[in-house]
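Protein chains in written order, with the UniProt record's numbering: chain A, 1 to 572; chain B, 1 to 401.
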Amino acid sequence: MDNKPSLSQYFGNTDVPPASQFFDEIGTSPSDMIQSVYLGESEGNKVTSNQVFPQTMTASFNQHSGPQELTFSSVLPTVSGSASVPATSLPDPSTFFDTIGPEPQIGAPKSNLVNPAIITEAMDGLSIKNQPVDKEADRRRDAWIPNDEAKKTLMKAQSSPKGSFFPEREVLTMPGLVLEEELADALHEVAVKYLGVSSAGSRGVVRAEHVSRDEAGLRELLRTGYLRAALNLTAVLITAVGQGVGRMHRPTKHTPRSLQLWLTRFAVMLRIKLHEPLLKEAEQFGDFNKPDMFYQFYPDTYENRTGSLVPFSLRLLIAELPGHVGKSEEAVDRLYSMLDVIQQMLSNLRAGKTEDGTATLSSDQDRNESIRLWTGRETRVLHSIVNCSIALKDYRQAGKILLSLQQQATSSVQRRALSSALCRLWLLAGHIKAAQVFMEQAREIRHHICPTPDVREYVDLGLIDIAHGRYQEAYTNFARAADQEPTNIMVANNLSVCLLYMGRLKEAIAVLQKAINSDPERGLNESLLINLCTLYELESSKTNEKKLNLLNMLCKYKSDTIPNVLECLKLS
Amino acid sequence: MDAKEVVEHLVALKVMRLTKPALISPKIVTCDSKDLPGNILNNYLKDDATSVTQMETLAAGQFLLLPQSFGNIYLGETFSCYVCVHNETNQPVQSVSIKADLQTNSQRIPLTTQSQSPTMLDVDETLSDVIHHEVKDLGTHILVCEVTYMSNYNTLASFRKFFKFEVMKPLDVKTKFYNAESDDVYLEAQVQNITSGAITLEQVSLESSQQFTVKSLNELDNGQSVFGDVTLLQPQESCQYLYCLTPKENISKDIKLLAAAKNIGKLDIVWRSNLGEKGRLQTSQLQRMTPDYGDIRVTYENLPSKVSVDEPFTFKCNVVNASEKTLNLILKLRSLPDSSLLWCGISNRKIGPLEPGKSVSINLTALPINTGLHSITGVSLMDLFIKRTFDYDDLASVYVN
């Protein structure tokens, strides 16, 4: 097992979702699962040979960062002229691995690629064949329809003789890093300030320095929750592809890899709420409709490949972005224009054409697979629109979309989940009657799934009681939920909130403390901490010791994932 | 700073307003599993205690978050707060009690607390109470909390804390009245949300006064609201309700009482906002302007809206003596030269004597000779005492086809 990825170990890991889970629907086709195995392999290697890799990684990284800088600082990307880039760092369009995976220098992946037996084994009952080159999957995943303006430029790029296409500056996307300083581990900083250097420990620092400075290292930091260290690493890697600090407004070369780096960076920034620099860095990308965001812009490199270099998740993240800074209306506009393109693609697919409507699909399986993927993505966008509508308190709009999603839902599990969501939506709006109607509906559908009420149903019932101001009844319902899942953090939290409204502060505190102690990993949740510290502050004016106790636990069980530790713990 | 001025108390008092908790959701950031971060971010989301299984990407969570600010409070809502006294020392404190009052612009309201009798607080123990009060005044309110306890010198010590808040107006109600010929009164009530958030109108009803019976015109025959499923009002939005009020029989029979029936009733409005936070307001007695009936009031009854040409039709003419004296009247029916209706029957008929408040009903018959929409003209009454004639030309129209 030494250098081979331990698959059982991998699949036992929480990184892989059970096939039945929701996340399959938002874009994971079974064949994608294979890809995630690829991704995992380098990580698997990392675990076993942690000492060997970092050195090699840093070295190889330094090697090619130089020439790239030279190439792009002065020259317009004449696309075909990109031969001056070392061949090894060019993405090879034929394999998925290079498009987002670690640099070829990593070595191992190629040999693992031709070892489908392991993967097939891993997929067990899923019985999916390994397809190292899946052009259909690439097309499906990357599909996007350029707008009319971009189409014109793309036509030109495609029809110009090799080496003679020189795009205007206006059609180019020219991003660059804005956030210059390196971020320190926020939890560690707070811990040092309040607990002293010795108690704070130095695990995080060690971790950040010991991962390889490449995608595998990045994933390792993400998985272990060192988000700020991961963000720093994205800056290093993005600088290496020539889009670092000061590169804004300068022509640059985009690759699927560079955009994956940006996706990772933006996703992390969003999680730790670095909205200001995120907005600035994202601004240069606009809505990803510039022609250089499409494969057709680079006919010499990607030949006939179509679609966008921009991962769907990045496109979605940027569309949602205004919603995170209080401009949900703008986000709704952007999301609807995404939805428009997706629906256009779906109607092309239903007419038997490819997503962008330029070719005919050869197989039904391909078509069904595509429809499945894009319907899932459509749902994901609709969810985002609902979320923005909720933020805008436009419950009517949110309700309308949820109802239409419910009508399209294929399984009773989904329909039930949507009824339950509608119930809570109307509770938010204060429309208890409607909430009750959807509660009943959810109960009705639940009968097809399980005969007796489950946690979700009891919690929804409890929430309706809270809306009515019947805290005793709410408590009873939450307690029933707790009987079924004694370790459920959300249920414990709701019980605690209920106890406070019943005038039982001490018990409320005890319930939350117990929840944290029984499952610190999940229990040390941002919102739960806010609740607990609110209770501490209500109880007594001497709360510092208790809060520092929580900080100690955070240091022990969590890494750098909470955006604002001070705010959560209400430490001043 | 003369910090020593402040007396260190053995117990601490904390107060928290209990508005409804919020339902929160995690920060939703997802990736496709073959993106660079793989499923790592998706798993963050799934493992988050605030996310809902199978609906992770939807921000309609089940996780309750305690209120993090005082928030706004509106007239008609219930002010709830948690009052907590904590023993801050390392020995028991004797005879601890809390008293809470609410001082408004006009009055001081004692807020009942469960434990009136002083109790002993052991180390780290708390004495707490949840207070509820429906706010019925606008403007500045001050919550005054007083804590009394036995000090170390065996004397009673006490301290007070003040919490000031402003009660605002939640709704703006505008009303319009229409007095119909039939004595019915139509009320238009425009309810506007002037809070800072969205609200759902749970109930809007008109409680009529003694003189009227009310019919709500805001529902379809099947009981459904004309506003659809949701009467959700965003800030500044308004909703218009319509009611028909019919004077009770004893009132409508007596023109004096009818003219005096100014009180219409009260509007009762119940709304809810975030997670069911409830508010309830009742307007003061709504008053209409009663129409001026003059000395003689003439109304038509049983008048068909549509009649056929060349076929006589009959209707009732009601004459009410709205004056203080007995009237002797003569009813004149004249078919005017350009009129399309010809009167059938006796003109110059004597009516009376008609005592004050009494009415008489006369059957009239007319023959339409032209098609179209025609006013009923040519009816006049002559008061024999003052020798004056009153014309009633435009009381009603009839459509002839």
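All C-beta atoms in this analysis are idealised placements derived from N, C-alpha and C, irrespective of residue type, glycine included.
Chain B has no Cβ within less than 9 Å of the Cβ of residue 451 (chain A). In the DSSP assignment, residue 318 (chain A) falls within the unbroken alpha helix (DSSP H) covering 312 to 324. Using a Cβ-Cβ cut-off of 9 Å, residue 82 (chain B) is close to 500, 501, 503, 505, 538 of chain A, given in chain order. For the stretch 191 to 205 of chain B, the set of residues with a beta-carbon nearer than 8 Å to any beta-carbon of chain A comprises 197, 198, 199, 200, 202, in chain order. Out of A:301, A:269, A:467, the CA that lies nearest to the CA of residue 325 (chain A) is found in A:269.
Between residue 294 (chain B) and chain A, the shortest Cβ-Cβ separation is not below 9 Å. Excluding five sequence positions before and after residue 297 (chain B), the CB atoms of its chain that fall closer than 6 Å to its own CB belong to 320, 322, given in chain order.
The beta carbon of residue 61 (chain B) sits closer than 9 Å to some beta carbon of chain A. The shortest C-alpha to C-alpha distance from residue 438 (chain A) to any of A:455, A:225, A:423, A:159 is the one to A:423. Under the DSSP assignment, residue 203 (chain B) falls in the beta strand (DSSP E) whose first and last residues are 199 to 208. With the criterion set as a beta carbon lying under 8 Å from some beta carbon of chain B, the members of the stretch 379 to 393 of chain A are 380, 383, 384, 386, 387, 390, 391, 393, in sequence order.
Contacts with chain B at 9 Å (Cβ-Cβ) do not include residue 338 (chain A).
Along the stretch 437 to 449 of chain A, there is no position whose C-beta sits under 7 Å from a C-beta of chain B. For residue 478 (chain A), the enclosing alpha helix (DSSP H) begins and ends at 471 to 484. Think of a sphere of 8 Å around the beta carbon of residue 466 (chain A): the chain B residues whose beta carbon falls inside it are 20, 21, 64, 275, 276, in chain order. Under the three-state reduction of DSSP, residue 269 (chain A) is assigned to helix. The continuous alpha helix (DSSP H) containing residue 546 (chain A) extends over residues 544 to 557. Distance from the CA atom of residue 564 (chain A) to the CA atom of residue 530 (chain A), rounded to whole angstroms, is 11 Å. Of all residues in the stretch 291 to 316 of chain A, only 311, 312, 313, 314, 316 come within less than 9 Å of chain B when Cβ atoms are compared, listed by chain position. Taking C-beta atoms under 8 Å as the contact rule, residue 367 (chain B) and residue 399 (chain B) fail to qualify, at a distance of about 15 Å. By the Cβ-count criterion, residue 289 (chain B) is exposed, with fewer than 16 other Cβ atoms from all chains shown falling within 10 Å of its own Cβ. A direct Cα-Cα distance of roughly 18 Å separates residue 329 (chain A) from residue 402 (chain A). For the pair of segments examined, the stretch 178 to 192 of chain B was found not to touch the stretch 80 to 92 of chain B: the number of CB pairs separated by less than 8 Å stays below three. In this structure, residue 319 (chain A) sits near residue 384 (chain A), with a CB-CB distance shorter than 9 Å. Just so you know, the alpha carbons of residue 154 (chain A) and residue 161 (chain A) end up roughly 13 Å apart. Taking a Cβ-Cβ threshold of 8 Å, none of the residues of chain B is close to residue 410 (chain A); the smallest such distance is about 13 Å. In this structure residue 380 (chain A) is buried. Its beta-carbon is surrounded by 16 or more other beta-carbon atoms within 10 angstroms. Within a 10 Å sphere around the beta-carbon of residue 521 (chain A) sit fewer than 16 other beta-carbons, which makes this residue exposed.
By DSSP's assignment, residue 166 (chain B) forms a beta bridge with B:140. Unbroken alpha helix (DSSP H) stretches of 4 residues or longer found wholly inside the stretch 215 to 286 of chain A: 215 to 223, 227 to 240, 256 to 271, 275 to 283, given in chain order. By the neighbour-count criterion, in which 16 or more other beta carbons inside 10 Å mark a residue as buried, residue 249 (chain A) falls on the exposed side. Distances from the CA of residue 507 (chain A) to each of A:525, A:475, A:485 were compared; the closest alpha carbon is that of A:475. In this structure, the straight-line span from the alpha carbon of residue 344 (chain B) to that of residue 308 (chain B) is close to 16 Å. For residue 252 (chain B), the enclosing alpha helix (DSSP H) starts and ends at 249 to 252. As computed with DSSP, residue 350 (chain B) is found in a beta bridge with B:330. Sixteen is the threshold: when 16 or more other Cβ atoms of the shown chains lie within 10 Å of the Cβ of residue 265 (chain A), as they do, the residue is buried.
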